[in-house]
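Contents: one structure, followed by commentary.
Residue numbers (the UniProt record's numbering): 1 to 366.
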């Protein structure tokens, strides 16, 4: 009686593709041979290091992914890349030369198995075969875009960022608008929205949140999402809610204008994030975005003044855009691309025309 279920399971396994990613062709073939011996005849090899890849076109029915990191002992950049590129429904294993228990634990903390290529060959094939039956879940990358004053433009900014991440990474991306935000996400999306997840594009979904704090990303609604962008206005929130958002975000973008009101809120938020980072081993990335939602005048604080008051540099300046330019929510703004790459931890490719507009920011860092 057991022969038929086993045969069906074996047939299903044989029809699905397993991906191998390694910068070294010899190691790619070695891993591919190991998987074929385990019963996976369809192997796709990508001869690149995982951190040099910006997009993986992996079908939803893919069985799994095996990534070779060679002698790399610094997992943070690799973990970020895997969380951003690999759909959460696909099993992901990591192999390398190190036998460090600490390294293996860092990957395990994010729902990934790490194996020593030479000492754990049997464990690699066993884990690959049993991959989809394991209950380990990878976490979504949580990005909070926080307005520090009413009318600072954080909603439109978050919408642009969400669209660009979905386009660049082509993995499930969810934008959530918090209860204290502008509540105009439906106008930006051009679709009637509710507190349920609504699809507005091939890789982009949106929803309104019932509460001011970041929702529980381990719930069933978010299991298949790679990126979660949470947009919220924090100037009216309690310190407890601000702390909850910061503690559950991998990256925070503080959106401010040139007013003293927003600068005070930003200073408090910086102090909060720094205190959390000191108390915990996991560091949260913090970016400051100066968003000019109105034309600048001589009476307004300069970028240098703002940086002096905050005690740190502004990471990106979004210049004022004419109303006609921002009427279309999908309008491409070069500085948004720079901000997205900063959020993703990449080195932004800045054009010469954009570089001229960003020179004041570069000079202020010296």
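Each residue gets a CB set at the ideal place from its N, CA and C atoms; glycine is no exception.
- Counting the other Cβ atoms within 10 Å of the Cβ of residue 112 gives 16 or more, which makes it buried.
- Non-local C-beta neighbours of residue 29 in its own chain, meaning closer than 8 Å and more than five positions away in sequence, comprise 45, ordered along the chain.
- In the DSSP assignment, residue 227 falls within the beta strand (DSSP E) that extends over 227-233.
- Unbroken alpha helix (DSSP H) runs of no fewer than 4 residues, entirely contained in the stretch 121-186, are found at 121-129, 154-169, following chain order.
- Between the C-alpha atoms of residue 292 and residue 217 there is a straight-line separation of about 32 Å.
- When the alpha-carbon of residue 117 is set against those of 318, 220, 100, 88, the nearest one is in 100.
- Straight across, the Cα-Cα distance linking residue 48 with residue 261 is about 48 Å.
- The three-state reading of DSSP puts residue 264 in helix, counting H, G and I together.
- In its chain, beyond the 5 residues on either side, 16 have a beta carbon closer than 7 Å to the beta carbon of residue 61.
- Note on residue 19: 16 or more other CB atoms within 10 angstroms of its CB, so buried under the neighbour-count rule.
- Residue 198 has its alpha-carbon roughly 10 Å from the corresponding atom of residue 208.
- Taking 8 Å as the cut-off, the beta carbon of residue 94 is found no closer than this to the beta carbon of residue 63.
- Looking at the backbone, the Cα of residue 166 and that of residue 204 are separated by about 6 Å.
- Residues of the same chain with a CB within less than 7 Å of the CB of residue 315, apart from the 5 flanking positions on each side, are 287, 288, 289, 342 in chain order.
- In its own chain, leaving out the 5 sequence neighbours on each side, no residue places its CB closer than 6 Å to the CB of residue 275.
- About 6 Å separates the Cβ atoms of residue 50 and residue 21, confirming a contact at the 8 Å cut-off.
- Residue 80 counts as buried, since no fewer than 16 other beta carbons sit within 10 angstroms of its beta carbon.
- Taking every protein chain shown into account, the CB of residue 296 has fewer than 16 other CB atoms within 10 angstroms, so this residue is exposed.
- Residue 83 holds the alpha-carbon nearest to the alpha-carbon of residue 226 among 83, 128, 284.
- For the 8 Å CB-CB criterion, residue 249 and residue 144 form a contact.
- Contact between residue 75 and residue 103 holds: their C-beta atoms lie close to 6 Å from each other, under 8 Å.
- Just so you know, the alpha carbons of residue 109 and residue 229 end up roughly 21 Å apart.
- Judged by DSSP in its simplified three-state form, residue 199 adopts strand.
- Around the C-beta of residue 57, fewer than 16 other C-beta atoms lie within 10 Å, and the residue is accordingly described as exposed.
- DSSP places residue 45 in the uninterrupted beta strand (DSSP E) bounded by 43-46.
- Per DSSP, residue 318 is one residue of the beta strand (DSSP E) stretching across 316-318.
- In this chain, the alpha helix (DSSP H) harbouring residue 242 covers 239-247.
- Straight-line measurement puts the Cα of residue 107 at about 39 Å from the Cα of residue 257.
- About 26 Å separates the beta carbon of residue 243 from that of residue 223, a gap too long to meet the 8 Å contact definition.
- By alpha-carbon distance to residue 346, the top candidate from 285, 298, 119, 302 is 285.
- Note that the C-beta distance between residue 237 and residue 270 is not below 8 Å.
- Contact between residue 255 and residue 157 holds: CB atoms are separated by about 6 Å, below the 8 Å threshold.
- As DSSP reads the structure, residue 21 sits in a beta bridge with 46, 67.
- Distance check between residue 68 and each of 87, 253, 98 places 98 closest, using alpha-carbon atoms only.
- For the options 160, 96, 151, the alpha carbon positioned closest to that of residue 31 is the one of 96.
- Counting along the chain, residue 206 sits inside the beta strand (DSSP E) bounded by residues 204-208.
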